[in-house]
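Only one structure is covered here, and it is reproduced in the block below.
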Amino acid sequence: MSPQPVDSLKGFAVTFRQMFKKPITQQYPEYKRPVYPRFRGRHRLHRHENGLEKCVGCSLCAAACPADCIRVVAAENTQYNRVSAGERYARIYEINMSRCIFCGYCELACPFDAITLGNEFEISEYSRDDLIYTKDMLLAEPIKKMPVADPDEFDTPIPYYKIHS
Amino acid sequence: MILAATEPWWIGIIKAAIIINVLLISMAFTTLLERKLLGRMQLRYGPNRAGPYGLLQPFADLIKMVRKEAFAPVAAIDLLYIAAPAFSAFTALTAFSVIPFGEGWKIWHYHVDGEVANVPISLILIFALGSLGIYGFIIGGWASESKYSLLGSMRTCAQMVSYEVSLALAVLGVVLMGRSLSLVDIVNKQVDTVWFAGPQIVGFLVFFIAGVAETNRPPFDLPEADTELVGGYSTEYSGMRWGLFQMAEYVNVIVLSALAVTLFFGGWEGPWAPLGPLWFFIKLLIAVSTFIWIRATLPRLRYDQLMRFGWKVLLPVATLNALVTALVVAAT
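As given, the protein sequences belong to chains A and B, one line each in that order. Per the working numbering: the first sequence = residues 2 to 166. Per the working numbering: the second sequence = residues 23 to 354.
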C-alpha cells in the first residue's frame, strides 16, 4: 500500500485513462442485444404442419397460470368445422399480457406443446386493452422479431421435462 | 494604461448584456460537459439523445424545469423560500462582472475594457459576493422547514465559513506579489513577469481545493450529499427554483475557475493579445474540466474529515504560504 496522497493521484490517472476507452454502453433502440434461445418473452400458439391448431382447449395452461391471466373457452370440433387435431378446440384463447409474469408454467403444463414463450420483449402498448392478446394475435407471426443468440452456443441440450414426460 | 473613465457608460451596459448571456449559455453547456465527461470517465456515453451528440440536452432540461410544478412545503417561510435561490443565482452571476477576459480594445474611437466593471478592489468584491451567495443556500435550507434541508443548511454554514478563510488566505500571496487588489493589475503583473501558478504553487493548490469546497462540488458536496441528506438545502425545492440553485452552483464553478485562471494562470495572456478572450476561454475550460475530473475520481469526505482537513491542513498551509510570500516580497 502506498500512502494516501499517492493512491489518490493514481485514482486520477485511472479516471483520465478511462476517457479514451470505448464506452461499454449498448445503445439499445439502435442495437438490440440478441436474447438467449430460451428467453421467455411474448407467447406463441402453434399449429401442426397440416394447418390444424395444436391447442385442444384443455385449460391446463389457465389452471397452471399463477397470475391467472389466461382465459380459455373450449368448443367441440365438428365434421364441418375442424380447427384442432383433438376432440375440442379453443374457441376463445386470451392472454392478459398486463398480468402475465412470464414464468413459463403454461408452456410446462401444455400436453401438446401448443403454447410456447417466444423471444420478443418489446410488447408495450399505449392502452391496457391492447395488452389482451387474442388467439389470432398469438397464432400469427409476431410483428417485431428479436435477434436470438446462437442456440448451439447458448442453449442447454434438451430440457429435463422434455425427456421425462 | 488608459483609465477606465474613458469608457462611456453605455458600453458597460452592452458588455454586461453580452457577458451575462455568454455566461448563462456556458453554464448550460457546463452541465452537458459535466455529464458527458463523467460518462466517458465511467465508460458510458452520457446524454446523446437530444440533438446531435446530445447538444440540445441543456435546453431540454431547461424546458423541463420551467414547466415543472414549483412545489412548496406548507410550513415554508414564503418570502425567504422564494428569494433564496434567486439571491444565490444573482450573486453568482454578479461576481463574474469584474473578471477580466481580455486586454481591452480600441473600437472606433472608444476604448473598451476587457471586463464589465473595472473596480480597483475587484478581488474583495468577488469574495464579498461569494460570501453573500452562501446565505442563499443557508436561508433556502432553513426556510424550507424540513429536517434534511436544515441539516444541509447547517453543513453549508460550517463548511463554507471554514473553507472561505483558507480561500481568502491562499489568495493573499497573489495579492502580495501583484501588489494590487484589482484583477486587471494582477493579470498585467503576470504578463510582465511569470504566471503566479509557478511561485505560488502552494497557494494555487490551497485555493483550488478550498474552491472545490466553496462551490459544493464533490468530494466536498456535503451540503447537498444526496446519499445522506436527499438533496440537502435543495431537498424541498422543485422546478425552476431548484434550477436556480443549480444554476448558482454551476455559475459559481465557472466564476471560481475564472478566478483561478485570472489569479494564477495569467488570465487572458496568450500568444496573440487581441485573441485574449479565446485564451481565457480555453484556460477556463481546462479549469472547469478539472472540477469534473475531481468529481469523477474522489469519493465524498466524511464530515469530521472535512472539518479536520479544512482547519488543520489547509488553513495552516495557507497562512504559512502568505507569511513566506510576505517575507520574500519584503526582502526583494
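We put the beta carbon where it would ideally sit given N, CA and C, even for glycine. Values in this document were obtained by computation on a predicted structure and should not be read as measured data.
The three-state secondary structure of V209 (chain B), taken from DSSP, is helix. V310 (chain B) has no beta-bridge partner at all, per DSSP. Here the alpha carbons of Y94 (chain A) and V88 (chain B) stand approximately 48 angstroms from one another. As DSSP reads the structure, E126 (chain A) sits in no beta bridge. Under the Cβ distance rule, L320 (chain B) counts among the residues neighbouring chain A, one pair being separated by less than 8 angstroms. For the 8 angstroms CB-CB criterion, P30 (chain A) and V149 (chain A) do not form a contact.
Burial of P245 (chain B) is indicated by the presence of at least 16 other C-beta atoms within 10 angstroms of its C-beta.
Counting C-beta atoms within 10 angstroms of its own C-beta, N140 (chain B) has 16 or more neighbours from the protein chains shown and is therefore classed as buried. The stretch 185 to 198 of chain B makes no contact with the stretch 124 to 138 of chain B; the number of CB pairs closer than 8 angstroms stays below 3. For R66 (chain B), the nearest beta carbon of chain A is closer than 8 angstroms to its own beta carbon.
With respect to the 8 angstroms criterion, G298 (chain B) and G136 (chain B) are classified as neighbours on the basis of their beta carbons. With respect to the C-alpha of R177 (chain B), the residue from B:V339, B:V335 and B:Y325 having the closest C-alpha is B:Y325.
In the structure shown, R263 (chain B) adopts helical secondary structure according to DSSP, grouped into three states. Look at T52 (chain B) here: in three-state DSSP terms it is helix. The three-state reading of DSSP puts N343 (chain B) in helix, counting H, G and I together.
Note: T284 (chain B) is not bridge-paired with any residue in the DSSP secondary-structure output. Proximity to F149 (chain B) across B:A282, B:I41 and B:F303 peaks at B:A282, based on C-alpha coordinates. Ranking A:E54, A:Q5, A:G58 and A:E108 by CA distance to the CA of A65 (chain A) puts A:E108 first. Residue state for W31 (chain B) is assigned as helix, using DSSP reduced to three classes.
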